[in-house]
Amino acid sequence: MFKYLFCFSFIAVFLVRAGFAEPDPNFHIYLLFGQSNMAGGAAGQYDGEGTKGVDDYCDTTPRIKVLAWGDCNRTPYPCPNRTLKRTFDQWYTAFPSYHNCHEGIGPADAFGKTLLDSIRSDITIGFVPCALSGQKLEVFMKGRNAPIDAHTQPTNGSKKITSGAYEWMVKRCKIAQEKGVIKGILFHQGE
Numbered sequence: 037m038f039k040y041l042f043c044f045s046f047i048a049v050f051l052v053r054a055g056f057a058e059p060d061p062n063f064h065i066y067l068l069f070g071q072s073n074m075a076g077g078a079a080g081q082y083d084g085e086g087t088k089g090v091d092d093y094c095d096t097t098p099r100i101k102v103l104a105w106g107d108c109n110r111t112p113y114p115c116p117n118r119t120l121k122r123t124f125d126q127w128y129t130a131f132p133s134y135h136n137c138h139e140g141i142g143p144a145d146a147f148g149k150t151l152l153d154s155i156r157s158d159i160t161i162g163f164v165p166c167a168l169s170g171q172k173l174e175v176f177m178k179g180r181n182a183p184i185d186a187h188t189q190p191t192n193g194s195k196k197i198t199s200g201a202y203e204w205m206v207k208r209c210k211i212a213q214e215k216g217v218i219k220g221i222l223f224h225q226g227e
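Numbered per our numbering, the sequence shown spans residues 37 to 227.
As C-alpha cells, this is what we get:
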C-alpha cells in the first residue's frame with residue numbers, strides 16, 4: 037500500500053510541476069507596437085509569378101513564432117500561397133501578416149530573420165504584435181481608456197477589443213511570459 041501511495045504522490049507532484057513549467061530562457065520575445073507601419077501597412081505586391089521580395093517574406097522557420105493578434109482564417113495579403121489559421125492569443129509559426137488579417141509586411145519580419153543570423157541556433161524568437169493602425173500614441177497610455185477605431189480593433193472570437201489598448205498589451209505580454217522571456221520592444225509610430 038505504501039508503495040502505491042508513494043508512486044501516486046510522485047506522479048501527482050510531476051503533473052503539478054509540469055503544469056507550472058518555467059518559461060523557456062531560449063524563447064526570446066519582442067513586443068511590437070505602434071501604428072500601421074509596424075502592423076504591416078507596407079504590403080508588397082504579388083504578381084502570381086514569385087515576385088522577388090514577397091516570396092522571401094513568406095518563407096517560414098519554426099524558430100520565429102507569433103502570438104496571434106486576433107482570430108483569422110484567410111489568405112493573407114502578402115502571402116497568397118499560405119492560409120492564416122490563427123486563434124487569438126495562441127502561438128504560431130510566423131509569416132506575414134503578424135497583426136490583423138488584412139495588414140501586410142511590417143519591420144518585425146526582417147528584424148526576426150536578421151536576428152536569427154546572429155544568435156545561437158537553440159534560440160527561438162517570439163513576437164507579440166500589438167500595433168494599431170492609425171491610432172494616436174495616447175491609445176497605449178496607462179490609465180487612458182481611449183477607444184480603438186473600429187477598423188483596427190483586435191478580436192477574441194466574436195468579441196472585439198474596443199478600448200483599453202494598454203491593458204490589452206500588458207495582458208498579451210503576460211501570456212508571452214508564460215512561455216519565454218521578453219527581451220525587447222520594437223516600436224514604430226510614425227505614419
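Ideal Cβ placement from N, Cα and C applies to all residues, glycine included.
| query | result |
| --- | --- |
| Residue from S157, K207, T123 whose Cα sits closest to the Cα of K178 | K207 |
| P165, DSSP secondary structure in three states | strand |
| Under the three-state DSSP convention, the category K178 falls into | coil |
| Assigned exposure category for D158 - 16 Cβ within 10 Å defines buried | exposed |
| Per-residue burial, G216 [other beta carbons within 10 Å of its own, 16 or more giving buried] | buried |
| Paired residues, beta bridge with F63 - DSSP | T160 |
| Cβ neighbours of D60 in the same chain (closer than 6 Å, five flanking residues each side left out) | G216 |
| Minimum C-alpha distance to F69 - residue among I155, K195, C115, T188 | T188 |
| Per-residue burial, L103 [other beta carbons within 10 Å of its own, 16 or more giving buried] | buried |
| From L120, T191, A186, residue whose alpha carbon lies closest to that of C94 | L120 |
| Same chain, Cβ closer than 6 Å to K196, neighbours up to 5 away in sequence not counted | Q189 |
| Residue nearest to I161 in terms of C-alpha spacing, selected from I100, N192, T198 | I100 |
| CA-to-CA distance, E203 to K210, given in whole angstroms | 11 Å |
| Coarse secondary structure for T97, derived from DSSP in three states | coil |
| Residue range of the unbroken beta strand (DSSP E) whose run includes W105 | Looking at the DSSP string, W105 is not in any beta strand (DSSP E), and its letter there is neither H nor E. |
| Same chain, Cβ closer than 6 Å to A182, five either side skipped, listed in chain order | E174, V175 |
| Residue burial classification, N136 (beta-carbon count within 10 angstroms, cutoff 16) | buried |
| Local conformation of G200 per DSSP, three classes | coil |
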